[in-house]
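For the sequence shown, the tail end lands on 1091 under our numbering, and the numbers increase by one without skipping.
Glycine is no exception: its CB is placed at the ideal position from the N, C-alpha and C atoms.
Here the structure is a predicted model, which is why all the values come from computation and not from measurement.
Below is one structure, written out as structure tokens; the observations come after it.
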Amino acid sequence: MSLGLAITLIVVALLAGAALGFFIARQYMMKYLKDNPPINEQMLRMMMTQMGRKPSEKQVKQMMAQMNRMQK
């Protein structure tokens, strides 16, 4: 009986640890991406220039606003 209880506690502890680890990692990544967005205005200008377009400030602001809306 005590062996069954020990195995059950080990399984429950592993499942709880995995769930807790998942949520902590998820929260950390969400905070990291909020603090360090993958694309900023300078990168956006560079990409548009490489595609052969001369971006105006209005276009860059519109693209950044659209990307921010999509993130939320």
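- If you draw a straight line from the Cα of residue 1082 to the Cα of residue 1045, it comes to about 27 Å.
- Between residue 1051 and residue 1057, the alpha-carbon positions lie close to 10 Å from each other.
- In this structure, the alpha-carbon of residue 1076 lies about 28 Å from that of residue 1049.
- Leaving aside the five residues that flank residue 1079 on each side, the residues in its chain whose CB is nearer than 8 Å to its CB run, in chain order, 1060, 1063, 1064, 1067.
- The same chain holds no residue with a CB closer than 6 Å to that of residue 1073 once the five nearest residues on each side in sequence are set aside.
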